[in-house]
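Chemist: Just passing along the structure, written as structure tokens.
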Amino acid sequence: MPDRLNNSFVLKLYITGQTPRSQRVIARVHQLTRERLNGLCEPIVIDVLEQPQLAEQDRVLATPTLIRQFPLPVRRIVGDLSDMNQVIDALGLDVYPAAENGRPIPLA
Amino acid sequence: MPQNLALAEIEKLPTGIAGFDLIANGGLPKGRTTLVAGTAGSAKTVFAAQFIAEGILKKGEPGVFITFEEPPADIRRNVASLGWDIARWESEGMWRFVDASPLPGEESVVIGRYDLGALLARIENAVRSIGAQRVAMDSLGAVFGQFSDSNVVRSELFRVASVLKKVGVTAVMTAERTEEYGEIARFGVEEFVADNVIVLRNMLEEEKRRRTVEILKFRGTSHSKGEYPFTIMTAEGIVVIPVSSIELKQHSSMVRISSGNNTLDTMCGGGFFRDSIILVSGSTGTGKTLLSTEFIAGGLKAGERCLLLAYEESTEQLFRNASGWGVDFAGAVESGQLKIVCEYPEAYGLEDHMVRMKEVISTFKPNRVAVDSLSALERVGTLKGFREFVIGITSFIKHQEIAGLFTSTTPTLLGGTSITEAHISTITDSIILLRYVEIFGEMRRGLTVLKMRGSRHDKDIREFKIDSEGMKIGRPFRSVSGILSGNAQHVPPSEIERLVDLFPENS
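Heads up: the protein sequence lines correspond to chains G and P, in order.
Under my numbering, the residue at position 37 of the first sequence is numbered 37, and the numbers go up by one with no gaps.
Residues are numbered in my numbering as their position in the second sequence, beginning at 1, plus a constant of 1000.
Put into structure tokens, the structure is as follows:
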């Protein structure tokens, strides 16, 4: 069960250019997937300056924007993810405690 | 320092919106952003869409439409009635949407700081991909609705405006207002697009809706001032009616045309001038419709194309009336020499009536026009709206250098004036009064030429009768005074002689 759940996480991160803020938010998302999703979810990073048509498709206005494409419902987090606890809450990761020995443990 | 720098004029981009370029002295400032502010329902979206549509239709200039409020599908559908096929333009690469409308059913939270970099990238991408020269953003207020941090949104929109400026496109941004006369727009958006501001209004006056457009400012360039009425026509969109920017520069002609009545021609010193406006004023039943029928008959006889705009009677009634006076309207309509347009005054607003009248005059190209009656249209609009309408339509007719005859009904049976006369009398060339004259318990009809610009005319008040051949103008009322004031009094002939003797001609 847990493995299937982990694999089904799809995250997209939209940024504008390789600015310090972009680097910071990329690092935070990587940290999050590593700690909370056992590194099984590889976030897709999209630079709107390079691929504006993808931003058009996903109708993204603000950067950074993190989209939880799966599981449904689709959720968006706008901002530089400065408060990780809130991010965990918003992504619905609060049901998993921090990874232990590289494996996430679902709450009973 | 180069001196001609200060003289370098800001170029204007003609929008193609009917009438607007006239009041904007050529169009919107080119390569700049103009704020279009208005309350709910003031046609902001139509203005924005029309700005792009006219560019495509009239100039072949591609445009980008950024929507923050309505989804593109709604806009495509809503403007279809205005005759714009956006879907086709999109496939032709002339129109591109940037869809920034709210996503329904998607949860969204804000954690930390952000900017609108993605929006900016999308706009730039859209503009470059089709080589857009026009950009419309609708509406700024909705952006503030999507993001809670107004300061971020304001500074980001400022960035959008400066990017648009840098790219060199001419842009229109719409913004909400809460009241018709108050701050320019909500959220202080005018601070970053302050150079050019247009205000659209949709006011309720005397239970009638009235739309106006006002150019508040064009920095560094000229425009007409004040509010101008506009209307939204099917298959056309916004049509601005540039009333007070009309110039008095029509030519004047010395050629006379027949009024259709020989005696009246003589009274006018040989007929009406070919390019004159004639007002016929009288109370109900005095013979206004008859006079306009004679006017049209005179034109038909001379081989002219005639147009009759009727607001009181149907075509059938007009045919019957005319044949009762020995004029064959039905035949003339059949041969195409005469066109009769009958409409209920209440069917449209005044602005719409005006646009329709102009259209039929432009397409039919008549030599003379009769409007029976102008005063019937009074009740459709407000006082102010009616004045603009009268001035607008009369000056349009004058510019066509054709003769226009308007009838106006006075509210009182004897004497009196109407609103129509108050508005029109200064711009008419001729005024003919039709009046009831009560003499010893009998109602008789009188006619006088009150004014005949540029010509001598008969000063008598003459009696006329109506028979199967039309109007028969007879002799002047000699022993009656006070007809015009509606207070006719019989004066014995001896008294007239005595009065004449008081002012000897040789003194």
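The beta-carbon is built from N, C-alpha and C at its ideal position, and this holds for glycine as well.
Given the structure is predicted, the values throughout are model-derived calculations rather than measurements.
By DSSP, does H1490/P sit in helix, in strand, or in coil?
Modeler: In the second sequence, counting from the first residue as 1, residue 1490/P sits at position 490. DSSP places H1490/P in strand when its eight states are reduced to three.
Chemist: Classify A1332/P as buried or exposed, calling it buried when 16 or more other Cβ atoms lie within 10 Å of its own Cβ.
Modeler: Here residue 1332/P refers to the residue found at position 332 when the second sequence is read from its first residue. Per the 10 Å Cβ criterion, buried.
Chemist: Alpha carbon to alpha carbon, how far is I67/G from R1209/P?
Modeler: The sequence position of residue 67/G within the first sequence is 67, counting from 1. The sequence position of residue 1209/P within the second sequence is 209, counting from 1. Distance between the alpha carbons of I67/G and R1209/P: 46 Å.
Chemist: Would you verify that the beta carbon of A62/G is, or is not, closer than 8 Å to some beta carbon of chain P?
Modeler: Along the first sequence, read from residue 1 onward, the residue named residue 62/G stands at position 62. True, the Cβ-Cβ gap to chain P drops below 8 Å.
Chemist: Can you confirm whether the segment 1028-1038 of chain P touches the segment 1109-1118 of chain P when touching is taken to mean that 3 or more C-beta pairs between the two stretches lie within less than 8 Å?
Modeler: The segment 1109-1118 of chain P is not in contact with the segment 1028-1038 of chain P.
Chemist: Got a sec: is the Cβ-Cβ distance from V1127/P to anything in chain G below 8 Å?
Modeler: Here the question's residue 1127/P lines up with position 127 in the second sequence. No, V1127/P lies away from the interface with chain G (no Cβ there is under 8 Å from its Cβ).
Chemist: In angstroms with no decimal places, state the Cα-to-Cα distance between N85/G and P1062/P.
Modeler: Stepping through the first sequence from its first residue, residue 85/G is reached at position 85. Stepping through the second sequence from its first residue, residue 1062/P is reached at position 62. Using only the alpha carbons, I get a separation of about 47 Å.
Chemist: Rounded to a whole number of angstroms, what is the C-alpha to C-alpha distance between E1179/P and T1039/P?
Modeler: The residue you call residue 1179/P lines up with position 179 of the second sequence. The residue you call residue 1039/P lines up with position 39 of the second sequence. When rounded, the distance between both Cα atoms is 6 Å.
Chemist: Relative to the C-alpha of T63/G, which residue among Y1114/P, T1407/P, V1371/P is closest?
Modeler: Numbered from its first residue, the first sequence carries residue 63/G at position 63. Answer by Cα proximity: Y1114/P.
Chemist: Name the residues in the segment 13-45 of chain G whose C-beta lies less than 7 Å from a C-beta of chain P; which are they?
Modeler: Cβ contacts with chain P come from Y14, T16.
Chemist: By DSSP, does R1453/P sit in helix, in strand, or in coil?
Modeler: If you number the second sequence from 1, residue 1453/P lands on position 453. It is coil, neither helix nor strand.
Chemist: Name the DSSP beta bridge partners of Y14/G, please?
Modeler: Walking along the first sequence from the start, residue 14/G turns up at place 14. Its beta-bridge partners are I46/G, T65/G.
Chemist: Does DSSP classify D83/G as helix, strand or coil?
Modeler: To locate residue 83/G, count along the first sequence from 1; it is residue 83. Residue state, collapsed to three classes: coil.
Chemist: Spatial neighbours of L1308/P within its chain, please: CB distance less than 6 Å, with the 5 preceding and 5 following residues excluded, ordered by chain position.
Modeler: Translated into positions along the second sequence, residue 1308/P becomes position 308. Result list for L1308/P: I1296, I1340, A1370, in chain order.
Chemist: Does the Cβ-Cβ distance between S1430/P and R1453/P come in under 8 Å?
Modeler: Looking up residue 1430/P in the second sequence gives position 430. Looking up residue 1453/P in the second sequence gives position 453. For S1430/P and R1453/P, yes; Cβs fall inside 8 Å.
Chemist: Is it the case that the Cβ atoms of S1139/P and T1170/P are separated by a distance below 8 Å?
Modeler: The sequence position of residue 1139/P within the second sequence is 139, counting from 1. The sequence position of residue 1170/P within the second sequence is 170, counting from 1. Their beta carbons are not under 8 Å apart, which means S1139/P does not touch T1170/P by this criterion.
Chemist: Go ahead and pull the three-state DSSP assignment for W1095/P.
Modeler: Position 95 of the second sequence, counted from the start, is the residue given in the question as residue 1095/P. Strand.
Chemist: Run through chain P and tell me which residues come within less than 7 Å of I77/G, C-beta to C-beta.
Modeler: By one-based count along the first sequence, residue 77/G stands at place 77. Within chain P, the residues near I77/G are V1109, I1111.
Chemist: Just tell me which of I1361/P, S1468/P, K1044/P, R1356/P has its CA closest to the CA of E1176/P.
Modeler: Taking the first residue of the second sequence as 1, we reach residue 1176/P at position 176. Closest by alpha carbon: K1044/P.
Chemist: Report the three-state DSSP secondary structure of V1327/P (helix, strand or coil).
Modeler: Along the second sequence, read from residue 1 onward, the residue named residue 1327/P stands at position 327. Coil at V1327/P, not helix or strand.
Chemist: Residues in the same chain with beta-carbon distance under 7 Å from K1365/P, minus the five sequence neighbours each way, listed in chain order, please.
Modeler: Residue mapping note: residue 1365/P aligns to position 365 of the second sequence, counting from 1. Answer for K1365/P: R1305, listed in chain order.
Chemist: Rounded to the nearest angstrom, what separates G1141/P and F1187/P at their Cα positions?
Modeler: Locating residue 1141/P in the second sequence gives position 141, where the first residue counts as 1. Locating residue 1187/P in the second sequence gives position 187, where the first residue counts as 1. Each residue's alpha carbon lies about 7 Å from the other.
Chemist: Please state whether DSSP places L1447/P in a helix, a strand or coil.
Modeler: Locating residue 1447/P in the second sequence gives position 447, where the first residue counts as 1. The answer is strand: DSSP assigns L1447/P an E or B state.
Chemist: Take the Cβ of A1100/P as the centre, count every other Cβ of all protein chains shown within 10 Å, and call the residue buried at 16 or more, exposed below.
Modeler: Numbered from 1 along the second sequence, position 100 holds the residue referred to as residue 1100/P. By the neighbour-count rule (16 or more Cβ atoms within 10 Å), A1100/P is buried.
Chemist: In whole angstroms, what separates the C-alpha of V10/G from that of L91/G?
Modeler: Numbered from 1 along the first sequence, position 10 holds the residue referred to as residue 10/G. Numbered from 1 along the first sequence, position 91 holds the residue referred to as residue 91/G. Computed Cα separation, rounded: 11 Å.
Chemist: State the start and end residues of the unbroken alpha helix (DSSP H) segment that holds M1354/P.
Modeler: Numbered from 1 along the second sequence, position 354 holds the residue referred to as residue 1354/P. Unbroken alpha helix (DSSP H) run through M1354/P: 1350-1364.
Chemist: Expressed to the nearest angstrom, what Euclidean distance is found between the alpha-carbon atoms of A1310/P and G1446/P?
Modeler: Here residue 1310/P refers to the residue found at position 310 of the second sequence. Here residue 1446/P refers to the residue found at position 446 of the second sequence. Straight-line Cα distance between these residues: approximately 24 Å.
Chemist: In or out: H1490/P buried (at least 16 other Cβ within 10 Å) or exposed?
Modeler: Against the second sequence, residue 1490/P aligns to sequence position 490. So H1490/P counts as exposed.
Chemist: Once you ignore the five residues that flank S1314/P on each side, which residues in its own chain have a CB closer than 8 Å to its CB?
Modeler: Counting from one through the second sequence, the residue named residue 1314/P turns up at place 314. Taken in chain order, the residues that qualify are C1342.
Chemist: Which word fits F1503/P, buried or exposed, when buried means at least 16 other C-beta atoms lie within 10 angstroms of its C-beta?
Modeler: In the second sequence, counting from the first residue as 1, residue 1503/P sits at position 503. When all chains shown are included, F1503/P counts as exposed.
Chemist: Determine which residues share a DSSP beta bridge with V1213/P and list them.
Modeler: Taking the second sequence and counting its residues from 1, the one referred to as residue 1213/P is at position 213. The partner list for V1213/P (beta bridge, DSSP) reads L1200/P, Y1228/P.
Chemist: Are the beta-carbon atoms belonging to I1198/P and I1277/P less than 8 Å from one another?
Modeler: The residue you call residue 1198/P lines up with position 198 of the second sequence. The residue you call residue 1277/P lines up with position 277 of the second sequence. Contact flag unset, no.
Chemist: Where R1475/P and R1356/P are concerned, what is the direct C-alpha to C-alpha distance, given to the nearest angstrom?
Modeler: Locating residue 1475/P in the second sequence gives position 475, counting from the first residue. Locating residue 1356/P in the second sequence gives position 356, counting from the first residue. Rounded to the nearest angstrom, the two C-alpha atoms are 41 Å apart.
Chemist: Can you name, in chain order, every residue of its own chain whose Cβ lies under 7 Å from the Cβ of D1021/P, other than the five neighbours on each side?
Modeler: For this step, residue 1021/P is matched to residue 21 along the second sequence. Cβ within range, chain order: P1014, T1015, G1027.
Chemist: Give the secondary structure of F1047/P by DSSP, where H, G and I count as helix, E and B as strand, and everything else as coil.
Modeler: The residue labelled residue 1047/P in the question sits at position 47 within the second sequence. DSSP places F1047/P in helix when its eight states are reduced to three.
Chemist: Between P52/G and chain P, is the shortest Cβ-Cβ distance under 8 Å, so that the two count as touching?
Modeler: As a first step, residue 52/G is located in the first sequence; it is residue number 52 there, counting from the start. Closer than 8 Å: yes.
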